[in-house]
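Inspection log for the structure reproduced underneath, given as structure tokens.
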Amino acid sequence: MVESGGVGLRERKKQRTRRALVEAALRLFDEKGYEETTLAEIAAEADVSTRTFFSYFASKEDVVFYDSEGRMERAVAALADREPGESPADVLRRIVDESLEWLTTYEEFTFEDAGLRIRLVLKEPALQARALMMLFENQARMARALHEAYPDKLDRVEAAAAVGAVFGAVKLAIITNIDHDRSVEQMWHTARRAAEITLSGLCSLG
1 MVESGGVGLR ERKKQRTRRA LVEAALRLFD EKGYEETTLA EIAAEADVST
51 RTFFSYFASK EDVVFYDSEG RMERAVAALA DREPGESPAD VLRRIVDESL
101 EWLTTYEEFT FEDAGLRIRL VLKEPALQAR ALMMLFENQA RMARALHEAY
151 PDKLDRVEAA AAVGAVFGAV KLAIITNIDH DRSVEQMWHT ARRAAEITLS
201 GLCSLG
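Numbering (full-length UniProt numbering), first residue to last: 1 to 206.
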């Protein structure tokens, strides 16, 4: 059966279960600590079995970074589906905007969820290591995709520099202002301002 919105009931149930697991994990990590929280406790909090947990995530780390692959796929797709005449700076700006929207609307997660995750990563060494590895891997993937999208305008060094500058600036701006930005709009403004400052220096590319 498919609902009027085009999403099947089974898929919606899977989304609700996935969201329940993530919200339960983030809440327990905040209350008890990341290392102290067990997979069984997360599953129980979400009212599912531990076996069901492993149907969605392979580890506690995977729960924290629940949307990373999805955001990466959307960013690469944005480059592949760029509009005719869209410049490298324009498409990077659009990717930043779409990433910010995804950050706080993915499967109905909230600004508070996003903020809690950032704080969690900042204080847990294991999550910091995972986040750093993912940052390098994702930026390298984005740089390759940007170069492939504009082979006649950007060489590999320029593409890498552009991706590193823009997304590095956005991430750092969000992290350093997480305790000051109290709403989605404020976080959006912080990230967008960081992107604009960086992009103003990249407009000569392409």
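For glycine and all other residues, C-beta sits at the position ideal for the given N, C-alpha and C.
Quick one: grab the DSSP three-state call for residue i.
i       : result
Gly-168 : helix
Gly-115 : helix
Glu-196 : helix
Val-2   : The predicted model places Val-2 with a pLDDT of 43, which falls under 50 and marks its position as unreliable; any figure quoted below should be read in that light. The answer is strand: DSSP assigns Val-2 an E or B state.
Gly-70  : helix
What do you get for residue i, buried or exposed, if any count of 16 or more other CB atoms within 10 angstroms of its CB means buried?
i           : result
Thr-176     : exposed
Asp-152     : exposed
Glu-185     : exposed
Arg-16      : exposed
Val-96      : buried
Val-2       : The predicted position of Val-2 is uncertain, since its pLDDT is 43 and thus under 50; no value can be drawn from it.
Phe-136     : exposed
Asp-113     : buried
residue 242 : This structure cannot speak to residue 242, because the chain is shown only from 1 to 206.
Gly-5       : Only weak support is given to the placement of Gly-5: the predicted model assigns it a pLDDT of 48, under 50, and the question is left unresolved by the model.
Glu-124     : buried
residue 209 : This structure does not reach residue 209, given that the chain is present from 1 up to 206, and the question cannot be answered.
Phe-54      : exposed
Leu-9       : exposed
Tell me which residues share the same chain as residue i and place their Cβ nearer than 8 Å to its Cβ, disregarding the 5 neighbours each side in the sequence.
i      : result
Asp-47 : Ala-20
Once the 5 residues before and after residue i are set aside, which same chain residues still bring their CB inside 7 Å of it?
i       : result
Thr-190 : Ala-173, Ile-174, Asn-177, Asp-181
Glu-98  : Arg-74, Ala-78
Arg-82  : Val-91, Ala-149
Do residue j and residue i come within 8 Å of each other at the CB atom, strictly closer than that value?
i       : j       : result
Glu-23  : Ala-126 : no
Trp-102 : Arg-51  : no
Val-121 : Val-64  : yes
Ala-77  : Val-91  : no
Ala-160 : Ala-143 : yes
Ala-162 : Pro-88  : yes
Leu-132 : Asp-30  : no
Leu-199 : Arg-93  : yes
Ile-42  : Ala-25  : yes
What residues in its chain sit with their C-beta under 6 Å from that of residue i, if we drop five residues either side in the sequence?
i       : result
Ala-194 : Ala-169, Val-170, Ala-173
Trp-188 : Leu-100
His-147 : Leu-154, Arg-156, Ala-159
Ala-145 : Val-76, Leu-79
Ile-118 : Ile-178
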